[in-house]
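Asks: Protein chains in written order, with this note's numbering: chain A, 6 to 430; chain B, 96 to 544.
C-beta: ideal position from N, C-alpha, C; glycine also.
Please find one structure pasted underneath; my questions will follow.
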């Protein structure tokens, strides 16, 4: 059995699976149920100043794809709509009852030092393990100068982080918004402000669907809709990239990362960890299926780590980071061609038509007395992988390496690079 | 205790009749249709299209279901096969499109193409939409003999192409075997007539019922009175067993009984035996066996002279009969029907086998099966009499005794085309529709010169 214990910025939990700041962590009842189910920690749904916000009716939108419900998910819910003292009392009770679980409290108050100075001691008094600054919420609160409105201004990120570090001894996690052109800028600002960790990604500005009868975005509130925050399995690739960017950025200096974005199972979690995440935070998958999903997350990660011989999370955390590079550092001499296993081919022809219509005309289609045969034309194949991806049979199309005997050569070194041509002239 | 005769009507309650003769495969609802549609890979050069005698673009119609463009899906189907609604219910998809589905290779579970086709076409029918329009009128008229799938498909396409059509139908209703021949639970709720109404709603087609070729009308008259003629009058003859006792009471042609059943307003009024023997190995044999069982027969035995693999009924149909409680006996042929007081009592069968030359022969060993009713279902034959002028054939027949046609379904007479069961080829609704469609386009080309 692998050791799944997690320590990120001094916050410890029996496993790395935390529930993200969201409706599942809005109150004691839910959080206790989550802890009973086995979750390693929670980030309590964002607290704000009293009086509490008021939410609208109709809050969630979903993208269903080809029969899969909630492939993507968005919401227009604001921060907690319960009084501050109620939340603080419950946080204190839960932390007392579940001392081994990570209890991080998400916060969002106006961009004024005294507001932060006032709320931080109240949270500290609950015995919580840390705070997470919600600089990411892209809807509603941003219109009031909070959430992503802060996260999109690096100077504010740094300034507020610094205030928080000044007014609490708790570890400070800064939750980053993906609604920026370069996530490194706010990440570096958080680091500069003294953040102990960053959490990312928060949700992405989105309109998930348009109701073509009402002629309004969904979720629709009495005929109108506002953009929401997008999350769920569909956003995972965006999140992975942003996590990787921060993990390999020298200026971010290896700041601990709590990975968030479409994590639905242990494999997703392992991918975030391979790119440098410490803990991982989950929301949509739990909202879709309930807290029980953590069982397979723990069990699956454990079994995979045992198979791979990883004893602790640190054994593989960040292992993929050195292999994330810029395009110019890829090997220009690496050659692969597609290979179709005729035994497992079901003759759907998708590889052929994809290549024929949209790529390199490198898969021939032959028909002999009704029997179809699709074959790769090696000389035309550029090794793009398209056929492999559209093939519905796992393992039927694989990419075969051509041993051309050539050394690793980057674009920078490539004689075909115009820069090198000029140099040669 | 009431004595129930060996042949009796009303063996079941009205609820039981209703249940036994309702839709054998209930339709997919939207949710199930979407799940099933999502299983289609949208193959390039899709094998299912090739396997469909009418060449329906199956991946395209399924994609349209998946995007909720159900009307578009139905039009894609009906453009190639105007009887796509009936075919969705009666096609032996397990040997056509669904057999060709690439999912079979992968997981032995094809996309349920027939059920999806029904989902799409039902949607259009329920809305009462006729999505096709007639082209500018040509002023030409075409006579269609036979209001079955071949004739109606030909008529609809001809009308779309701008020609006026008169359909001459010998029976009281158009629809052909969909109305008179297919098992009732495959086309319940008057579907055949709904489909006829749909086809006729295009306009330009008039149907004259009770007009039998060779009796009420002649081919010569039709050729004189119309610019072209399409023959689609099917198979009028039934093969006889050719053994002793065939004329006993209780012995009937399966097709005649099924026609009565299909037209019955009260299934409880139909007589059915306690013990029923069916002789034959095709879909008609399966249909009469299962319907007998569902009418309340206690023991139904289907006897076929060769093995399961030789039956023209598909494996799926054979299994359906067996799950309906029909006992199938292979390798036996009827030797004589034994009667008592003029009524059939039992059938004597002789075991069969193949000789060294692969020819069927009796072994000499026999067995008997008790029977109150015996249904003959050993095939139908083409009756060429309506095409004779005196003793001379007016058009060329094939060696197998059906009307000879070329690729365009044109007969040896330049202005006469033919299709459906009266020409060689598979005796399937879908094949008949394709014949009618191809002939209509050939007629159109001929008439427009």
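Output needed in chain order: residues of the stretch 135-156 of chain B with a Cβ under 9 Å from some Cβ in chain A.
Replies: 136, 137, 138, 139, 140, 141, 142, 145
Asks: Pick out the complete beta strand (DSSP E) segments inside the stretch 287-349 of chain B, 3 residues or longer, and give them in chain order.
Replies: 300-304, 323-326, 346-348
Asks: Using DSSP with H/G/I as helix, E/B as strand and the rest coil, what is residue 465/B?
Replies: strand
Asks: Beta carbon of residue 237/A, beta carbon of residue 27/A: below 8 Å?
Replies: No.
Asks: The stretch 346-374 of chain A: which residues have C-beta closer than 7 Å to a C-beta of chain B, in chain order?
Replies: 351, 352, 353, 354, 355, 357, 358, 370
Asks: Residues of chain A with CB closer than 7 Å to the CB of residue 129/B, please, in chain order.
Replies: 72, listed in chain order.
Asks: Keeping to the same chain, check which residues put their C-beta closer than 8 Å to that of residue 389/A; ignore five residues upstream and five downstream.
Replies: 364, 365
Asks: On the three-state DSSP scale, how would you describe residue 136/B?
Replies: coil
Asks: Which residues of chain A have a Cβ atom closer than 9 Å to the Cβ of residue 360/B, listed in chain order?
Replies: Ordered by position in chain A, no residue passes the 9 Å Cβ test against residue 360/B, which lies about 43 Å from the chain.
Asks: For residue 180/B, does the three-state DSSP call read helix, strand or coil?
Replies: helix
Asks: Kindly indicate which residue of 293/B, 201/B, 209/B has the alpha-carbon position closest to the one of residue 39/B.
Replies: Outside the shown range of chain B (96 to 544) lies residue 39/B, about which nothing can therefore be said.
Asks: Find the residues of chain B that neighbour residue 377/A, judging by a C-beta separation of less than 8 Å, and give them in chain order.
Replies: 140, 142
Asks: I'd like to know whether the C-beta of residue 158/B is nearer than 8 Å to at least one C-beta of chain E.
Replies: Absent from the structure is chain E; the protein chains it does hold are A and B.
Asks: Taking C-beta pairs closer than 8 Å, name the residues in chain A that residue 133/B reaches, listed in chain order.
Replies: 71, 72, listed in chain order.
Asks: Shorter than 8 Å from the beta carbon of residue 203/A to some beta carbon of chain B?
Replies: For residue 203/A, the answer is no, since every Cβ of chain B falls outside 8 Å of its Cβ.
Asks: On the DSSP bridge list, what partners appear for residue 11/A?
Replies: 18/A
Asks: Examine chain A for any beta-carbon lying closer than 8 Å to the beta-carbon of residue 396/B, and answer yes or no.
Replies: no
Asks: Which of the residues in the stretch 391-425 of chain A, read from start to end, lie with their CB under 7 Å from any CB of chain B?
Replies: 397, 398
Asks: So is residue 79/A buried or exposed if we call it buried at 16+ other beta carbons inside 10 Å?
Replies: It counts as buried.
Asks: What is the rounded straight-line gap between the Cα of residue 34/A and the Cα of residue 45/A?
Replies: About 16 Å.
Asks: When the Cα atoms are used, what is the spatial distance from residue 303/B to residue 235/B?
Replies: A direct Cα-Cα distance of roughly 18 Å separates residue 303/B from residue 235/B.
Asks: Assuming residue 297/B contacts residue 255/B (C-beta within less than 8 Å), just tell me the rounded distance between them.
Replies: 7 Å
Asks: I'd like the list of long-range same chain contacts for residue 96/B, defined as Cβ closer than 8 Å, with 5 residues on each side in sequence excluded.
Replies: Caution applies to residue 96/B, whose pLDDT of 46 falls short of 50 and renders its modelled position unreliable; the value that the coordinates give is listed next. Here the set comprises nothing.
Asks: Are residue 42/A and residue 29/A closer than 8 Å when you measure CB to CB?
Replies: no
Asks: Report buried or exposed for residue 332/A, applying the criterion of at least 16 other Cβ atoms within 10 angstroms of its Cβ.
Replies: exposed
Asks: Hey, how far is the Cα of residue 306/A from the Cα of residue 48/A?
Replies: 21 Å
Asks: Going straight from the alpha carbon of residue 50/A to that of residue 213/A, what length do you get?
Replies: 23 Å
Asks: Is the separation between the beta-carbon of residue 445/B and that of residue 428/B shorter than 8 Å?
Replies: yes
Asks: For residue 206/B, return the contacting residues in chain A, with the cut-off set at a CB-CB distance below 8 Å.
Replies: Residues of chain A passing the Cβ test: none, with the nearest at roughly 12 Å.
Asks: Which residue marks the beginning of the beta strand (DSSP E) containing residue 377/A, and which one marks its end?
Replies: 376-381
Asks: In chain order, what residues of the same chain lie with their CB nearer than 6 Å to the CB of residue 159/B, ignoring the 5 residues before and after it?
Replies: 167, 168
Asks: Quick one: what's got a C-beta closer than 6 Å to residue 387/B's C-beta in the same chain, skipping five residues either side?
Replies: 367, 371, 395
Asks: Residue 268/A and residue 299/A look like a contact to me (Cβ under 8 Å); what is the Cβ gap, rounded to whole Å?
Replies: Contact flag wrong, Cβ pair sits at about 11 Å.
Asks: Grab me the residues of residue 231/A's own chain with a C-beta within less than 8 Å of its C-beta, minus the 5 sequence neighbours each way, in chain order.
Replies: Cβ neighbours of residue 231/A within its own chain (closer than 8 Å, five residues either side excluded): 81, 144, 145, 222.
Asks: Considering only the beta carbon of each residue, do residue 180/B and residue 216/B sit closer than 8 Å?
Replies: yes
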